[in-house]
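First up is the structure itself, then whatever we jot down about it.
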Amino acid sequence: MTDFLTDWGLILVTFLPLAGALVMMAVPRELTESHKVIALVASGASLVMGILLIANFDYDDAGALQFLVDKEWIPLINSGFILGVDGISLPLMALTLLVVPLVIIYSWNHIPSPGNPKAFLALILILETGMIGTFAAQDLILFFVFFEIVLLPMYFMIGVWGGPERKYASIKFFVYTMFGSALMLVSFLALYFLSREQTFDMRILTELGGLDIARTTQILVFGGMFMGFGIKVPMFPFHTWLPDAHTQAPTQGSVILAAVLLKLGTYGFVRIALPFLPEGAQWWAPIIGVLAVIGIIYGALGCLAQTDMKRLIAFSSVAHMGFVMLGIATLTEFGINAAVFGMVAHGLITGMLFFIAGSVKDRYHTLEIKRLGGLLISAPRLGWILGLCTMASLGLPGLAGFWGEFPAILAAYEPAPMLNQTLFRVLMVVAALGTVLAAGYLLWLFQRTAFGTPSEEFVDDPEIVDVKMSEWIAWTPMIVLIVVLGFLPSIIFDVTNPAATLIAVAAGA
Amino acid sequence: MIAALAPLSFLAQSATGNSFDVPANVVFYIVAAFMVFAAIRVVTTDNIVHAALWLILVLSGVGLNFLLLQAEFVAITQILVYLGAIVVLFLFGIMLTRAPLGRADDLDNNMRPIGVAVGLLLTAVIAFALIRTFGNDSLTFEAYAGSQAVAGNNRTTALANEIFGPQLIPFEVLSVLLTAALIGAIVLARRD
Amino acid sequence: MWFLTHTWIMPALMALSFLAILAVGKRLPKKGSEIGVAAVGICFVLALLTAGSWWQHTNDTGESGEHASGVLAVAPGAGDAEEHDPEAFSDVEQGCSRVVDEADHEGNSEKAEADHEGDTEGEEHSSGIAPGESASAESTAVATAEEGEGHAATKPVVRCFTWFDNGPADSSTITVGTMVDGQSVFMLVVVGLISLLVHIYSTDYVNGDRRYTHYFAFLSLFTASMMFFVLAQSTLQMIVGWELVGVCSFALIGHWWEEKPNSNAALKAFLTNRVGDIGLLVGMIILYFAAGRSFSILDINILAASGGISHGLLLVASVCLLAAVMSKSGQFILHTWLPDAMAGPTPVSALIHAATMVVAGIYLVARLYPVFFEGLSIAGSSVNLLAVVGAVTAMFGALLAFVQKDVKKVLAYSTISQLGFMVTALGVGAWTAAMFHLFTHAMFKACLFLGAGSMSHAAHHSFNMVDDYGGLRKIMPRTFWTFIIATGALAGIFPLSGFWSKDEILAGHGTFFSEGGNGTYHVMLAMLIIGAFCTAAYMTRTIWYCFYGEYRGVGTPHESGPRITVPLIILATLGAVVGFLNLPKSIGPINFPESLHTQFEQFVEPVGAYFPSISHAEFNVPLALFSLAVAGLGVLLPYLYYFKGGLAPIRDLSERNALARWGKNVLVNKYYFDWLYTDVITGFVKGPLARAANWFNAKVLDGIVDGVGAGAVVTGQWVYENIDQEVVDGAVNAAGTTATETGGVLRYLQSGRIQQYAALFFAAAALLAGVFVVATG
Amino acid sequence: MLLNQFLLLAAILFSIGVYGVIVRRNGVLVLMSIELILNSVNINLIAFSTYHGLGGQVFALFVIAVAAAEVGVGLAIVLLIYRNRRSVDIDALDELKG
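Chains as they are written, first to last, in the working numbering: chain A, 15 to 523; chain B, 24 to 215; chain C, 420 to 1196; chain D, 4 to 101.
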């Protein structure tokens, strides 16, 4: 069993969804129910494999890559088919494996217009393969391939199943990310040519840690990655695609986008940019820190100006990812741990918020905050879940969001030794200020949507019902996780800590 | 066919020895000048049919370049496929879309300056990189010598060995692709 | 001992109760309230048992320290300190405090025998550490040497487990657990008691409410969070508890969220607290790093008390934490949320916004006292931030209470003012006095709030005492008497509890007649006395409006049922007698028996390396008399005005003393009285001062809060419209526009023209390639 | 002969092709520009194959084949567009516009 897992585990986890998508191709389009079942089975099988992996993961050695698959792939450029997970990829992979089946369950009776579950679900499965692959890949070219695989399904999800402005949003999303990817690829190639071994193997590149690469070059190459990953995160000046994409995407798209896709960028920073180019990272860290904090404040201000619930939540992502990036910018174990925790927490919480926004839209056919209100009367359970999620999102201790925020702020007090302490302490205070703004806009949202009495147009609207069965099934695991992680942060911290320590040592050396 | 072309490739043959370098170079630069001029005409002419004809010139020049580089088979294929098939396809396309056969003023959009800028920038960057990387490296055709030795001094045989040996699977995939493209083109172009 | 090591059961039980009520509450016959009442009842019993266990524990420690606990004389017994101090932390589980661990470690190496008595009860956790005698870790030793106070060190019982690891393996464990010492035990009892009574009271008071079940669920959650906070072993845990009580407060203030003002009040409370929380987060972070990457309260306290942390850092940290205290405990300039918080149900006001949650700030300061003590240089100075903030709050809060019509608002301002007393007490080094006042205040203020609730229950849910109350004395005798007793206690009337605790605070400032406590805080003392005067006065006014005169409301009021009156009676009784828990050693010539006096001090106040050596003020008879007189005057003036105002002037009084003569002169001429009271005192207070205060309160402070909110929205809007949509998007778009002659910036990217993307793409690729070509050369 | 003379020629052709892709409005002309780009790549492949063996020639052949396929499909698309809109003006193709 263990041998099987070691050899095939990761491959199966990664490609089972893709296999499911291929099977769906062969099934006629009219059999919508079968498509849903196949999609669920494929992602479920992947989840089961994932659980097996998680169960067999050696937590004492969480800093090392496990279940390593190392096959020859493109010998010409010395690029291998290398998959592996360590303490940092594992939580993110688990998050992906969890979220996708839930999204498929949610889709059971929420296929957005214009329908066609076959294509929709197949795209979700392809997306899953891309996301898991990105977290598992240990070869730059492989990483890049998976990273780009993600782009297309998302583009189509927004462009076909999206809202009225979908074309603009999808193009913006595509061009933005594509632009970043191009620069990122150049950086990868530069790494290849500049490294002593001429390899794309991330293990070797981590080990080399920017050896032989001059400082200026490191800074430039890091800059390319910064664009690629930073756009995906999205960091402050590059975030403008996000609100549009989120607002226009169908609920499922928004959830996946918020829950997993944004993490590809931050994961890239942690996995690739920091350990490969320590000196570049050190040069860029203050810039990243400042941009992150600007993002926190700016995202919050943006939220306060929104009149659309979904757009507000989208803007809040900018602020939350700011905390993640602040953690990364400190180049300390604490900061990187916080960042990974923040990614998972943000995935769960913002994912949930988008789920709720989608359900509200289903019921009210509008997300304009002004027109909503009295959700707690019309649909009490939905309202309470929204309350819980807003509380989690504003970083209430005892819920998952806190452990992404607080340690990041904490880490900023004492960043890695070579960074400017004063600057980071200022950033810390500003970031702490951001938590107040976060409370402001989220509670404001909650007050305007949930409190009060429903406006007249929605009183006794038969469509406004409380949480449905498929929603319960899809949401319960996420809600439970939000609460459990809030009280037992060790579930994630203990896994990420060894790996984060290695990265912090590599980047801060 | 190939044999018939043999006289033409004397230029290439001679390239190995320094003595014929000069005529080969002369031919190259003349051809290159024509090609650049023709290529510029392709993208600037305001007569769409002329563009296709200028394209023929460029493609032939590329074929000649292949000959200079001792790649006769590719040169032949280039001429056959491009001139025989692709340009004809273009002309069909022009006719079918009822493009204006004479001059037309609206073939370009308003992005000429940016196009020129991008083009010059690209040229500059690539040229700079090339010159710095390869400098004055001469062509030696060493690699050909090795494979020819195996295939009995016949370059075409060597090429065939390569295609139907190590590259067989890509080759097959390519044929599938061509079929798929054919079907795709039919599907797209058919009137429902 | 078992109870001391298993205190975690209490918050866990309450949390369980929260979940149970949410899950099945609605299906139960009493809609879930039975679960809550039962759980909190068990918790209260456990808290009492814990307290008993602690009492036992302290006595044991005292004996083993070979030191009679009663000796209070200030005698620098250095030998004594060395004798018992290593054992002072023998009940600290290994790993909960790095400093203690190090001390233990070094002790062990020198002297392994070191058996100790503390854990003979056979509990499995806290044993096994054999602290050596010398405990020569630098910090501990320094601290103990300074420890000159007389009685034996009380031993905190600390248990913990790893919460998570963060950072390199050797120095990164972050623990969660319980830290039980006198302070937390007494607070547990307070929380348990008030919570139990409020639960019982609520079963009647909110009966039939639309969200009865939710109400009880959140009461349970609140109790759980508060206990979690009180028992916290690490500062991180305190943050968690701190925020959780805040969110419960949010939920309960906004209990009737259908009405906008209620949800506004809830938002205001939460946001104001969040502003203070910036300070909390930053302060705790500073302390974490200052204590060598440890959240442990013990570590922080020991290091702070022993000079292991620089004064500058402590100062910054304590100022940051003060912001949190100001918001949570309603101290001046961040107090505005507390009166608004009265929008919640009255029992909630009693439990959360008077007796327990709002004192979390006080508790925080008391818990991390060395930080404040050293950081603000409390000993020996005559002014510091804590004292100033507290005194200002005590005075202004009391003044504001005059102009309120709503009985709950009077009580809310009163709470603010009393919290100011506690903060000042902490600021002048009168730690025990602050805790004691916290204790007594919890009793009588809860009683007052519940009494107000009882009245509104009778008077058709109105709290407007001026317009809707009156003459309730006869109709609601039990409410009346309990209210009177609690008012007496609040006003500091001898011998009710408030007298003792308030007086201890006043004495702690040092008096005008002699020095006392840790310094000479004369200015604060004066302000507090004014505050005390006002307290007595506005409470008398309240009593007049509520209970005397004719009933002015609608309907026929009636006395409330037993589930409301019984808690009132219990609280009033306690409010009357708990003052005797901490009698001074002597009052003038009268000496109290040893078993009676300074009990509170002995069992609650920690002594040892994790607590600074504070000195205790002696009971000061002149000061006590003076303050009593001030309180009496505070009662007298409104009494004369309201109760006797309509009667003929009392002539005889003027011949007896000067003060009464002055009062008489006022009364002789009604206008003069009016002038004095309405124009000069009330007029000034109610007019310029209160109005100014109210104006400042409403316009400036609220204005700032609202303004910041509105400003943030406006800024947000502006930023969004101008920067986000124009500049940032514009920059993106501009990249494609460089060579275009015309066309709006925004329109361009939206063109959707592939060729522009192509141009952009190639240009970017070329540029980047160029950069690399140049760079890698 | 120098390696660079071929490579530079290819670079120039490539840039001209890019220019064409950017400025041409007619779909057929854009396709022609793409052919220029593909051919410049082919020159590179062949030039390098003199150093690295016949793989480059094989690749060039593949590129030619793919180009043929591409032109086929591309023209079909242009045709389709023409049929639907009576124009092959790419500027008019603002389907992607938001």
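In this text, a Cβ means the ideal position worked out from N, Cα and C, and glycines have one as well. What you are looking at is a predicted structure, and each value in this text was computed from that prediction instead of being measured.
Item: Check whether the Cβ atoms of G611 (chain C) and I672 (chain C) lie closer than 8 angstroms to each other.; Value: no
Item: Report yes or no: do three or more beta-carbon pairs, one from the stretch 649 to 657 of chain C and one from the stretch 707 to 715 of chain C, lie closer than 8 angstroms?; Value: yes
Item: What are the boundary residues of the beta strand (DSSP E) that includes F81 (chain A)?; Value: 80 to 88
Item: Does the CB of G138 (chain B) have a neighbour CB from chain C at under 8 angstroms?; Value: yes
Item: Which residue comes first and which comes last in the alpha helix (DSSP H) that contains S543 (chain A)?; Value: With chain A covering 15 to 523 only, the question about residue 543 (chain A) has no answer from this structure.
Item: Of the choices A:A273, A:P167, A:I155, whose alpha-carbon is the least far from that of L367 (chain A)?; Value: A:A273
Item: The ligand FAD heavy atoms versus the CB of V735 (chain C): any closer than 7 angstroms?; Value: Among the components of this structure there are no ligands whatsoever, and the ligand FAD is therefore not found.
Item: With a threshold of 16 other CB atoms inside 10 Å of the CB of M703 (chain C), please say whether the residue is buried or exposed.; Value: buried
Item: Can you list, in chain order, the residues of its chain whose CB lies under 7 angstroms from that of N434 (chain A), leaving out five sequence neighbours each side?; Value: P300
Item: If you drop the 5 nearest sequence neighbours on each side, which residues of the same chain put their C-beta closer than 8 angstroms to that of V33 (chain D)?; Value: G23, V24, R27, I93
Item: Give, in chain order, every residue of the stretch 728 to 755 of chain C whose Cβ lies closer than 7 angstroms to some Cβ of chain D.; Value: none
Item: Measuring alpha carbon to alpha carbon, tell me which residue in A:V62, A:P42, A:S121 is nearest F369 (chain A).; Value: A:S121
Item: So, using beta-carbon positions, are A150 (chain B) and A71 (chain D) closer together than 8 angstroms?; Value: no
Item: Examine the Cβ distances between the stretch 145 to 160 of chain A and the stretch 402 to 414 of chain A and report whether three or more of them are shorter than 8 angstroms.; Value: no
Item: Going by C-alpha distance, which of B:I79, B:P189, B:L130, B:G116 is nearest A61 (chain B)?; Value: B:I79
Item: At which residue ranges does the stretch 819 to 884 of chain C contain complete alpha helix (DSSP H) runs of 4 or more residues, listed in the order of the chain?; Value: 826 to 846, 850 to 877
Item: Tell me, please, whether the stretch 269 to 287 of chain A touches the stretch 353 to 366 of chain A by the rule of three or more beta-carbon pairs shorter than 8 angstroms.; Value: yes
Item: Can you tell me whether V450 (chain A) is buried or exposed, with buried defined as 16 or more other CB within 10 angstroms of its CB?; Value: buried
Item: Considering only the alpha carbon of each residue, which of C:L741, C:A710, C:C739 lies closest to G726 (chain C)?; Value: C:A710
Item: Please decide whether V21 (chain D) counts as near chain C, where near means a Cβ-Cβ distance under 8 angstroms.; Value: yes
Item: So if DSSP puts A151 (chain A) in a beta bridge, which residue, or which two residues, is it bridged to?; Value: A:L97
Item: Among D:L5, D:I49, D:I46, which one has its Cα closest to the Cα of V45 (chain B)?; Value: D:L5
Item: Are the beta-carbon atoms belonging to L987 (chain C) and T898 (chain C) less than 8 angstroms from one another?; Value: yes
Item: Under a three-way DSSP split, which group does D322 (chain A) fall into?; Value: strand
Item: Given that a residue counts as buried once 16 or more other Cβ atoms are within 10 Å of its Cβ, and exposed if not, what is S161 (chain B)?; Value: exposed
Item: Could you round the C-beta distance between R325 (chain A) and P257 (chain A) to whole angstroms and report it? I think they count as a contact, below 8 angstroms.; Value: 5 angstroms
Item: Since I40 (chain D) and G20 (chain D) should fall inside the 8 angstroms C-beta cutoff, what is the C-beta to C-beta distance between them, to a whole number of angstroms?; Value: 4 angstroms
Item: Scan the stretch 498 to 517 of chain A for residues whose Cβ lies nearer than 7 angstroms to a Cβ of chain C and list them as they occur along the chain.; Value: P503, S504, F507, D508, N511, T515
Item: Taking 8 angstroms as the CB-CB cut-off, is A1185 (chain C) touching chain B?; Value: yes
Item: So, T851 (chain C) versus E662 (chain C), is the Cβ gap smaller than 8 angstroms?; Value: no
Item: Which runs of the alpha helix (DSSP H), 4 residues or longer, sit entirely within the stretch 594 to 667 of chain C?; Value: 601 to 624, 631 to 649
Item: Kindly list the residues whose CB is nearer than 8 angstroms to the CB of Y281 (chain A), restricted to its own chain and excluding five residues on each side of it in sequence; keep chain order.; Value: I102, S103, L106, T148, F149, M357
Item: Might you give, ordered along the chain, the residues of its own chain that have their beta carbon closer than 8 angstroms to the beta carbon of S1046 (chain C), omitting 5 neighbours on each side?; Value: G911, K921, D922, L925, I948, A951
Item: If I measure Cβ to Cβ from Q262 (chain A) and keep anything under 7 angstroms in the same chain, skipping five residues before and after, which residues do I get?; Value: I172, G176, G177, E179, R180, A183
Item: Which residue marks the beginning of the beta strand (DSSP E) containing F583 (chain C), and which one marks its end?; Value: 576 to 584
Item: Step through the CB atoms of chain D and report whether any lies within less than 8 angstroms of the CB of Q1174 (chain C).; Value: yes
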